[in-house]
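For the record, the sequence lines run as chains W and X. Every letter in the first sequence is one number past the one before it in our numbering, and letter 88, counting from 1, is 88. Every letter in the second sequence is one number past the one before it in our numbering, and letter 64, counting from 1, is 64. Only one structure is covered here, and it is reproduced in the block below.
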Amino acid sequence: MNTQGIGTMRGYPRSDGRKGIRNVVAVGYLVECAHHVAREIAIPFREHDVHVIGFPGCYPNDYADRMMERLCTHPNVGAVLLVSLGCESFNKYALERAVRTTGRPIKTIVIQAAGGTRKSIEEGRAFIAEQRALLDAAPTVPMDVSELVIGTVCGGSDGTSGITGNPAAGRAFDQFVEEGAACIFEETGELIGCEHIMAARAATPALGVELEASVAKAARYYATLGYGSFAAGNADGGLSTIEEKSMGAYAKSGASPITGLIKPGDIPPRGGLYLLDVVPDGEVRFGFPNINDNAEIAELIACGSHAVLFVTGRGSVVGSAISPVVKICANPETYRRMEDDMDVDAGRILEGKAGLAEVGREIHDLVVSLGAGERTKSEQLGHQEFILTYKSFEPIGPACLPAA
Amino acid sequence: MEPERGLEAPLQEEDVPAANDPRLLLLNDGDNVLVARTRIAEGEALHVDGAEIRLAAPLSIGHKLARRDIVPGEKILKYGAPIGSATAAIPRGAHVHVHNVKSDYTPTHHLLDEQAAAGGKA
């Protein structure tokens with residue numbers, strides 16, 4: 001491990017053996033009808049690690065249940081407040097039980113039982129004030145780089161993303177994998193065209209088959225929808241096709257062998273490089289696989305990501321609830337325009353001012369510094385975006401996680 | 001896939017084949033497109049694969065230019081990999097984008113025509 005000169009990581013120990021680099025109170029609304037109350041509860045604490053997450057649907061969904069459970073028991077979460085309207089279908093009993101089992105303080109407020117909006121807000125804020133005081137005094141323990149789980153996503157991609165930011169994030173991933181950390185890359189819909197070269201990096205031939213199948217599934221899914229995972233701004237930035245975007249996006253995975261294929265909510269069992277399959281199984285249901293970047297970020301975090309590397313060319317400003325988002329700006333023109341939002345200026349690679357290896361190390365060291373008290377730009381700016389929608393998945397097959 | 005040439009160390013002039021203007025990046029020797037490392041103004045003279053061309057329209061950073069003449073139906077190669085097919089003849093030095101390239105998988109959604117109609121506003 002090489003963390004000399006970049007501070008020592010400290011983590012909050014959790015009952016499942018994982019450690020958090022943040023100690024957040026998660027306020028989870030269990031239907032859109034409880035969203036306002038949840039938001040109002042959190043507002044006075046918005047700069048004090050109280051983050052709102054939730055599921056807007058009134059009707060049950062196994063995927064959403066699992067996502068909410070994984071997020072509420074994420075190592076960066078120290079306490080949980082659930083806000084229910086009362087008549088929605090979400091199984092709040094099971095979620096509360098799952099969180100309580102981990103030893104985390106949890107309270108559920110049912111708005112209809114509490115006497116409405118005002119009383120629920122008062123009750124919620126009192127619980128949070130109490131929990132914040134406890135969490136702020138919580139002890140930390142040393143944490144090793146090998147204990148980290150790191151995700152990567154790209155959003156607002158342009159013609160520079162695949163040349164600077166994405167391969168630099170890939171270099172950081174290579175270093176983390178070498179140090180024993182678990183790294184997750186994703187968006188199978190943005191690996192269309194790369195499936196064969198990716199499969200060749202699989203730890204076993206059977207895993208290679210699964211990797212190819214996951215991209216074929218994404219291609220089928222998007223073909224049915226009639227759109228690729230491609231936004232108008234991608235074309236504005238010089239990307240002409242989904243294959244071109246994919247080749248650039250694929251560079252985020254670095255050069256390590258691929259250890260496994262996971263689905264949202266699956267936690268990597270050990271260090272290594274994992275592909276997260278984010279496209280639902282079965283026939284096309286519930287619309288777009290990921291309606292925006294934050295849907296993917298939430299899934300990476302549900303897989304245990306302590307931090308997420310976000311490469312942008314056009315200039316995304318988002319952060320996330322629960323885990324810090326590191327913004328890597330691929331385009332030097334964008335960086336100059338939006339420096340306040342960007343943690344890393346990878347565009348200087350195009351300008352001949354730095355190499356991939358140097359920027360990769362900078363990204364690596366920045367993530368480690370987040371475990372030593374540093375905050376990302378999006379955290380400092382109060383970004384806590386979150387979105388969760390309906391999906392359906394089958395569990396992963398036995399070939400997806402070959403034994404070490 | 002990593003660009004074959006790699007950008008491991010800062011780009012030096014000698015990394016860029018003399019045949020091409022230093023503001024253009026060749027990501028893989030097999031590619032038939034070059035990528036703009038910076039914004040290049042309309043009317044500028046550029047060396048592309050040894051020949052001098054004059055840029056017909058401004059080229060934005062990250063956008064592509066044909067490295068040589070490309071015939072309709074030919075694969076567009078970038079990073080050494082196919083990224084789609086030409087829908088028209090593309091002469092050396094011309095902008096390679098959604099107006100003359102299509103995906104071999106799913107169609108590309110863009111608002112470039114709308115944007116042009118709105119006077120080029122972002």
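Even for Gly, the Cβ is constructed at its ideal location relative to N, Cα and C.
CB contact flag (residue i, residue j, <8 Å)
i, j, result
"residue 140 of chain W", "residue 10 of chain W", "yes"
"residue 200 of chain W", "residue 193 of chain W", "no"
"residue 20 of chain W", "residue 105 of chain W", "no"
"residue 158 of chain W", "residue 314 of chain W", "yes"
"residue 85 of chain X", "residue 96 of chain X", "no"
"residue 46 of chain X", "residue 24 of chain X", "yes"
"residue 51 of chain X", "residue 92 of chain X", "yes"
"residue 87 of chain X", "residue 72 of chain X", "yes"
"residue 35 of chain X", "residue 163 of chain W", "yes"
"residue 217 of chain W", "residue 396 of chain W", "no"
Per-residue contacts from residue i into chain W (C-beta, under 9 Å)
i, result
"residue 133 of chain X", "Since the first residue shown for chain X is 1 and the last is 122, residue 133 of chain X is missing from the structure and cannot be characterised."
"residue 55 of chain X", "Within chain W, no residue comes near residue 55 of chain X; the closest Cβ sits about 15 Å away, beyond 9 Å."
"residue 34 of chain X", "By Cβ distance, chain W contributes nothing, its closest Cβ being about 11 Å from residue 34 of chain X, past 9 Å."
"residue 112 of chain X", "232, 235, 236"
Contacts that residue i makes with chain W (C-beta to C-beta distance below 8 Å)
i, result
"residue 96 of chain X", "240"
"residue 82 of chain X", "193, 243"
"residue 109 of chain X", "227, 228, 230, 231, 232, 235"
Local Cβ density within 10 Å of residue i, reported as buried at 16 or more and exposed below that
i, result
"residue 6 of chain X", "Residue placement at residue 6 of chain X is poorly supported in this model, since its pLDDT is 49, which falls under 50; the coordinates still yield a value, given next. Flag for residue 6 of chain X reads exposed."
"residue 69 of chain W", "buried"
"residue 62 of chain W", "exposed"
"residue 311 of chain W", "buried"
"residue 270 of chain W", "exposed"
"residue 340 of chain W", "exposed"
"residue 138 of chain W", "exposed"
"residue 242 of chain W", "buried"
"residue 72 of chain W", "buried"
"residue 100 of chain W", "exposed"
Cutoff 7 Å; reference residue i; Cβ partners in own chain excluding five residues on either side
i, result
"residue 300 of chain W", "151, 153, 184, 186, 276, 308"
"residue 351 of chain W", "332"
"residue 245 of chain W", "157, 190, 230, 234, 239"
"residue 394 of chain W", "281"
"residue 296 of chain W", "153, 186, 187, 278, 290"
"residue 116 of chain W", "none"
"residue 14 of chain X", "Reliability fails at residue 14 of chain X, whose pLDDT of 49 lies under 50, so the model's placement of it is uncertain and the value that follows must be treated cautiously. Counting only Cβ-Cβ distances below 7 Å, and skipping sequence neighbours, we find nothing."
Residue i: contacting residues in chain X (beta-carbon distance under 9 Å)
i, result
"residue 55 of chain W", "The contacting residues do not exist; residue 55 of chain W stays about 28 Å from chain X at best."
"residue 222 of chain W", "105, 106"
Listed by chain order, chain X residues near residue i by CB distance under 8 Å
i, result
"residue 333 of chain W", "39, 61"
"residue 247 of chain W", "1, 78, 79, 81, 83"
"residue 435 of chain W", "This structure cannot speak to residue 435 of chain W, because chain W is shown only from 1 to 404."
"residue 313 of chain W", "62"
Close-in-space but distant-in-sequence residues of the same chain around residue i (CB under 8 Å, 5 per side omitted)
i, result
"residue 65 of chain W", "90, 91, 94, 95"
"residue 82 of chain X", "75, 76, 104"
Residues near residue i in its chain [Cβ-Cβ closer than 6 Å; skip 5 each side]
i, result
"residue 384 of chain W", "51, 321"
"residue 40 of chain W", "121"
"residue 3 of chain W", "Note on residue 3 of chain W: pLDDT 44, under 50, position unreliable in the model; no value is reported."
"residue 148 of chain W", "181, 306"
"residue 335 of chain W", "329, 342, 345, 347"
"residue 316 of chain W", "155, 156"
"residue 83 of chain W", "29, 34, 37, 38, 109"
"residue 195 of chain W", "212, 215"
7 Å Cβ cut-off: residues of chain W touching residue i
i, result
"residue 65 of chain X", "Correct list: empty, because the minimum Cβ distance to chain W is about 10 Å."
"residue 101 of chain X", "240, 241"
Neighbouring residues, chain X, relative to residue i (Cβ below 7 Å)
i, result
"residue 158 of chain W", "62"
3-residue-minimum beta strand (DSSP E) runs that sit fully inside the segment 23–81 of chain W, ordered along the chain: 24–29, 50–54
Beta strand (DSSP E) segments (min. 3 residues) lying fully within the segment 262–299 of chain W: Within the segment 262–299 of chain W, the complete beta strand (DSSP E) segments of 3 residues or longer fall at 272–276, listed in chain order.
Contained beta strand (DSSP E) runs [length at least 3] in the segment 112–164 of chain W, N- to C-terminal order: With a minimum length of 3 residues, the continuous beta strand (DSSP E) runs that stay inside the segment 112–164 of chain W are 149–154.
Length at least 4, wholly inside the segment 204–244 of chain W: the alpha helix (DSSP H) runs in chain order: The qualifying runs are 205–225, 232–236.
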